RNA sequence: GCUCGGAUGGUGGAAUUGGUAGACACGUUGGACUUAAAAUCCAAUGACCAUUGCGGUCGUGCGGGUUCAAGUCCCGCUCCGAGUACCA
């Protein structure tokens, strides 16, 4: 019979489910530990072996922490709003909720199969109204707050109103949209209500504005910057163009500095923090105002090199800038307009593809240099981006390569302001080795001195100021989709009005059709009369509208990242219908201690969630400013695709061994499940797999047909998916768990290779044989010897430090060594095997639990105290010291550890081999590293 | 282009942070047990030379350097991966 993993695993899964073994309590004397995985999107394809990698690692750690005496919160849920279910609905008419429900059921089955210790009583689903009620609530809070720079936190809009009534906005230091004019208290009080609301909207942390957005016509929706890869949509790879639309945005820019600073306080991977730093993109420089000749307006530019102010030979404005219309000289109007409409036609992709070529046009106008009074021509060019900085640059061709290329292309003069540097071929951009020349009062200064001096001068003349700019842009929050959280807003005379917490959740309306309406409104527009009655405080669907009190609701929904920006709090108190999280639960759990997930979320979810956290912290709703103390990125498990090679125009396929040149040969992907561990293809299976292969001819090599291999992302369309269910059936969940850990470091990407699994499976069988021989229980009550105890305690020590360091691959190795040694020592002592079982339980929980019970324990081992290392068993009394001469290892010599250095020297000198190497020379120097090495320099 | 990671046997990967490189596994080869197979166990396995001697030489992407001692530290390259990109 031996190790019957199937029945063991079934038994314990059922036991854990029945007894709710992993339910975490919100009240406990024990210290808490909150460990969480990034929750999955339940896709229709189910899980492949790559998905559970992180869950296995976190589960091992969670189980380990329980043994360490912690009250562990280890929840799981589903990020269940998303595009695939909606697209399936468009194709088939099946409601996304139904698709999602079915997919979740399949995910749950698969997850359960692997023996995860999740507390399912806390499961969350972002698409459930009792969950998204609180997502909507946070949206309302954002709408009701603005960001005060003086207090450096979010404050209620009501404070702002009071302030406007008293002193207008002239003394206010708050984050707001561009183009808000200043007004006095008297002016404010005289504004009509709608004007006031419009102004307030410019301060709210979530606000409605006419924005230029990334529009994807194929998907019928707006995309965020991080949803676009190389100018095409991340999903589907469709072209993306710019389009102006009224959109909800999140003022994440208000938190740029705090998001940056917060990174220093959290234990996240350095590479991921670096990605966030780059994404936030802080740059220090100056704003400079240039007076336009013959106009009231000034052009405001941002520059990181104010020291090069005397090298300016032209200005460049982004073509989208409204100012362009005003200042264009009549003689150049046609050129400018032609250029603007031309740039509008170009997609983002085309624009990026042609980075090398400078395009632009002269406006016919000039600005005046603030210091030397010279006339500087104003150009427009699409290398200047409208939404970064001020959308205008002062072009210094001698110090910036793009300005240089532009100047060369249009024959604009280039002025050299750097001492001893040639700018014949390219711009000089090395600011560290700069001496400014030819620049009036800046001549002779270094970059830093000149920068300080020019900012001082600019401020004095009131035509500039030192400033900081961020690349981070406000996040667009509207999606023209059905399957997302409805935005809890209705419209009165074009102005958005919020619902209140009591009105929530605002549930999705039923629609017949999930596509945008024929008028181009989002899919929610398909609902008949989806509107809000302000009197009954209810959604009005399909009823007569009383125009006095009923207003249309917002038709856009929230993006995918809304629910995931706060879900970790809901786990703390998932069933609470009264509040977001109960006070007691919040105080007890506070924050996530360890968060596991992929680095692909670095500039999306992991940034947005930090932003919401800081906002909720400002309001006193959450107790900490960073929600995840420590984060680990697990690497992806990749697939190994299999290829066969077809001779062009035939049905003949050639074995990899016979393939001499790939020229003219068509590689075709085949299902990896038709290939064995030696890369041999099951040709009969292939014929049955797809009709195109039914009549295929195979050119074998020595009787076998071999495939080519390539490592790629695991995906259904590449036929390289390995299913965890099958691995579990064949080898058991415990083997799968240990094998995924054994594959390599958790953080690293690595290809799946089923062939290696036998090593781990054999280990578990060997472990089983420590307890059973021919189905007979062979554990003895004998006292273990010194050797056995040493093996055990070495293993405890090694495994414990490796778990703490998240080095699970070496843990598995340590277990293997331990079991091999115990086997060769023929050790079956309870005193050794009992703690070893405990040690193994996080990795192979089903097997460990079974053995634990067989050992006569009545309670499960989930909360059993972790075995401690007894160092005294590890101390040796002698050791083989390697002896080397001038660093070259020659021989080893056994010595007692208690020897002093002088005694060691003597023992080594007494050895005949030493004499041979020294040959009469006296040692010049001894290097004796305790417990390690003896090196004699001669 | 910029930023951050990597590069160790046929393969996945170890190496106490400067101290016997290649742990542990896969694979391969040979052997034991079997009528046979499966399963299990044992041995060998970086390369080259010597293998009736227990040994020697070279070896962590490449070229230098520091050190008694370098996979590990320093300088200069090459290649691969990830992120980002007219960011002024």
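Residue numbers (the numbering used here): 187 to 1124.
In this text, a Cβ means the ideal position worked out from N, Cα and C, and glycines have one as well.
Predicted model only: the values in this text are computed from it and were never measured.
**Report entry** Alpha carbon of residue 281 to alpha carbon of residue 792, nearest angstrom
**Finding:** 30 Å
Report task. Identify which residue in 472, 201, 789 has its Cα closest to the Cα of residue 643. Result -> 472
Query raised in the report: Looking only at DSSP bridge pairs, what is residue 334 linked to?
Result: 339, 360
**Report entry** Rounded C-alpha distance that separates residue 1125 from residue 822
**Finding:** As shown, the chain starts at 187 and ends at 1124. That puts residue 1125 outside it, with no answer to give.
Query raised in the report: Should residue 198 be labelled buried (16 or more other beta-carbon atoms within 10 Å of its own) or exposed?
Result: buried
Query - Assigned secondary structure, residue 962 (DSSP; H/G/I helix, E/B strand, else coil) - result: strand
Requested in this report: From the DSSP output, in three-state form, read off residue 211 for me.
Outcome: coil
Query raised in the report: Is the stretch 743-761 in contact with the stretch 782-801, if contact means three or more CB pairs nearer than 8 Å?
Result: yes
Query raised in the report: Given 8 Å as the limit, is there contact between the stretch 976-996 and the stretch 930-937, that is, 3 or more CB pairs closer than that?
Result: yes
Query raised in the report: Three or more C-beta pairs closer than 8 Å, one from the stretch 231-247 and one from the stretch 1042-1058: is that the case here?
Result: no
Requested in this report: Closer than 7 Å by C-beta to residue 1075: which residues in its own chain qualify, once you throw out the five before and the five after it? Chain order, please.
Outcome: 1068
Query raised in the report: Is the distance from the Cβ of residue 465 to the Cβ of residue 428 below 8 Å?
Result: no
Query raised in the report: Does DSSP classify residue 843 as helix, strand or coil?
Result: helix
Requested in this report: Could you check the C-alpha separation between residue 683 and residue 336 for me, to the nearest Å?
Outcome: 28 Å
Report task. State the start and end residues of the unbroken alpha helix (DSSP H) segment that holds residue 690. Result -> No alpha helix (DSSP H) contains residue 690, which DSSP labels as neither H nor E.
**Report entry** Stretch-stretch touch, CB-based, cutoff 8 Å, three pairs: the stretch 713-723 with the stretch 221-229
**Finding:** no
Query - Boundaries of the beta strand (DSSP E) in which residue 738 is found, first to last residue - result: 736-738
Requested in this report: Could I get the ranges of all uninterrupted alpha helix (DSSP H) runs contained in the stretch 907-952, with 4 residues as the minimum, in chain order?
Outcome: 910-917, 919-928
Query raised in the report: For the candidate residues 669, 309, 789, 459, whose alpha-carbon lies nearest to that of residue 759?
Result: 309
Report task. Following the continuous beta strand (DSSP E) through residue 1076, name the residue where it begins and the one where it ends. Result -> 1074-1082
Report task. Please look up how many angstroms separate the CB atoms of residue 391 and residue 348, rounded, as I've assumed it's under 8 Å. Result -> That belief does not hold up - the Cβ atoms of residue 391 and residue 348 are roughly 18 Å apart, past 8 Å.
Query raised in the report: If we ignore side chains and look at the alpha-carbon of each, how far apart do residue 351 and residue 776 end up?
Result: 39 Å
Query raised in the report: Along the chain, which unbroken stretches of the alpha helix (DSSP H) at least 4 residues long are found entirely within the stretch 750-815?
Result: 753-756, 769-775, 791-804
Query raised in the report: Under a Cβ-count criterion, where at least 16 other Cβ atoms within 10 Å of its own Cβ denotes burial, should residue 1080 be classed as buried or exposed?
Result: exposed
Report task. Report back the beta-carbon spacing between residue 525 and residue 556 to the nearest angstrom; my notes put them in contact at under 8 Å. Result -> Actually they do not touch by this definition, with Cβ atoms about 28 Å apart.
Report task. Compare the Cα-Cα distances from residue 544 to each of 919, 597, 272 and report the closest residue. Result -> 597
Query raised in the report: How big is the Cα-Cα spacing for residue 938 and residue 233?
Result: 14 Å
Report task. Less than 8 Å between the CB atoms is what I'm expecting for residue 633 and residue 613, so what's the real figure, rounded? Result -> About 15 Å separates the two Cβ atoms, so there is no contact after all.
**Report entry** One or two residues paired with residue 433 in a DSSP bridge
**Finding:** 395
Query raised in the report: Roughly how many whole angstroms lie between the Cα atoms of residue 570 and residue 855?
Result: 44 Å
Requested in this report: Output the boundary residues of the alpha helix (DSSP H) element that contains residue 325.
Outcome: 315-329
Query raised in the report: Can you give, in chain order, each stretch of the alpha helix (DSSP H) that sits fully within the stretch 424-494 and has at least 4 residues?
Result: 442-448, 456-466
Query - Of the listed residues 979, 1013, 970, nearest to residue 955 (C-alpha basis) - result: 1013
Query - residue 554, DSSP secondary structure in three states - result: strand
Query raised in the report: For residue 319, does the count of other Cβ atoms within 10 angstroms reach 16, so buried, or fall short, so exposed?
Result: buried
Requested in this report: Give the DSSP bridge partners of residue 402, in chain order.
Outcome: 407
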